[in-house]
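With our numbering applied, the sequence shown closes on residue 1005, and no number is skipped along the way.
Ideal Cβ placement from N, Cα and C applies to all residues, glycine included.
From a predicted model like this one, the values you see are computed outputs, not experimental measurements.
Presented below is the structure to which this report refers.
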Amino acid sequence: MTAALWAGTAGAWAFVAVFVLDGWTRPGYRPVRHPVSALALGSRGGVQAANFVVCGLAVMAGAVAVAGRPDGAVLAVAIGVFGASLVASGVFPMDAMRGYPPGTPDETPEEVSLRHRAHDWAGVAVFTSLPVAAFAAAFAVPDPGWKWYSGLTGAALLAGFFAFGQAWETDSRYAGLVQRAVIIVGWLWLGMLFAYAATAG
């Protein structure tokens, strides 16, 4: 199971590295405004779609390993839901909008596809299951430092989720930046959690 935990770490951290590099080098894409999900659109969209799926599967493998540990059932379920929701985010990409891909009208369409709705629901699951996992870890992990780190991460993720939701609804030019801050905080914590579990024995 140690290998599965390290796979979870690699998946979480590689996810961030891929969307950062892809976003900064994608023609017409504005990382400060556009969400990470928009990278699954356009000619290079397969890169981010695969990033969602591979990361989600790696996280799910890590969740199985966590399930076998004492007091890890709730934590494992939350992480598993998070991983499955990432996979769904890759399978059901969002609709083109707000100027991306290039040539798309710079606005939010009044009607969206069923695929986009599925992506939205997957996104809600992603950004709610991860703080639940962080709070569960605050109770399940015996190390006092990890309890504090996990609890503070859970609170930061909840605040960040609502901040991003507001930024997205108002089409803030900083929506992508807010989302990236939330993702980096959450995915960094998750990768470190898997690494901690792998080395704790």
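Nearest to residue i (by Cα), restricted to the options the options
{"i": "PHE819", "options": "ALA853, PHE931 and ASP875", "result": "ALA853"}
{"i": "ALA985", "options": "ILE883, LEU997 and ALA971", "result": "ALA971"}
{"i": "ALA862", "options": "THR806, PHE939, ASP910 and GLY964", "result": "THR806"}
{"i": "TRP817", "options": "TYR833, ALA877, HIS838 and VAL858", "result": "VAL858"}
{"i": "TYR978", "options": "THR932, VAL840, ARG830 and LEU879", "result": "VAL840"}
{"i": "GLY876", "options": "ALA937, GLY849 and ALA929", "result": "ALA937"}
{"i": "ALA900", "options": "TRP993, VAL851 and ARG919", "result": "ARG919"}
{"i": "LEU962", "options": "ALA944, PHE931, ALA880 and TYR953", "result": "PHE931"}
{"i": "VAL851", "options": "VAL822, THR829 and MET864", "result": "VAL822"}
{"i": "SER889", "options": "PRO905, VAL928 and ALA880", "result": "VAL928"}
Residue i - containing alpha helix (DSSP H), residue span
{"i": "ARG984", "result": "979 to 1004"}
{"i": "THR974", "result": "Segment: none, THR974 is in no alpha helix (DSSP H) and carries neither H nor E."}
{"i": "VAL836", "result": "Where VAL836 is concerned, there is no enclosing alpha helix (DSSP H), given that its DSSP letter is neither H nor E."}
{"i": "VAL868", "result": "849 to 871"}
{"i": "PRO831", "result": "Looking at the DSSP string, PRO831 is not in any alpha helix (DSSP H), and its letter there is neither H nor E."}
{"i": "ARG902", "result": "Careful: ARG902 lies outside any alpha helix (DSSP H) and carries neither H nor E."}
{"i": "ASP947", "result": "Per DSSP, ASP947 belongs to no alpha helix (DSSP H) and is neither H nor E."}
Cα-Cα separation, residue i to residue j
{"i": "ALA814", "j": "GLY995", "result": "7 Å"}
{"i": "VAL982", "j": "LEU845", "result": "20 Å"}
{"i": "GLY935", "j": "PHE896", "result": "Here residue 935 turns out to be Pro, not Gly, going by the sequence shown. Looking at the two C-alpha atoms, the distance is approximately 23 Å."}
{"i": "SER847", "j": "MET898", "result": "15 Å"}
{"i": "ALA942", "j": "PHE966", "result": "21 Å"}
{"i": "TRP950", "j": "GLU915", "result": "44 Å"}
{"i": "HIS838", "j": "GLY990", "result": "19 Å"}
{"i": "ASP947", "j": "ALA1002", "result": "14 Å"}
Inter-residue CB distance, residue i and residue j (contact presumed, cutoff 8 Å)
{"i": "GLY887", "j": "PHE998", "result": "The Cβ separation is near 11 Å, so there is no contact."}
{"i": "ALA869", "j": "ALA808", "result": "4 Å"}
{"i": "THR912", "j": "ASP975", "result": "7 Å"}
{"i": "ALA926", "j": "SER954", "result": "Going by Cβ atoms, the distance from ALA926 to SER954 rounds to 24 Å, so no, they are not a contact pair."}
Cβ-heavy atom distance, residue i to the ligand MN, below 7 Å
{"i": "SER933", "result": "Absent from the structure shown: the ligand MN. Ligands present: none."}
Minimum length 4: unbroken alpha helix (DSSP H) runs contained in the stretch 869 to 940: 877 to 895, all fully within the stretch 869 to 940.
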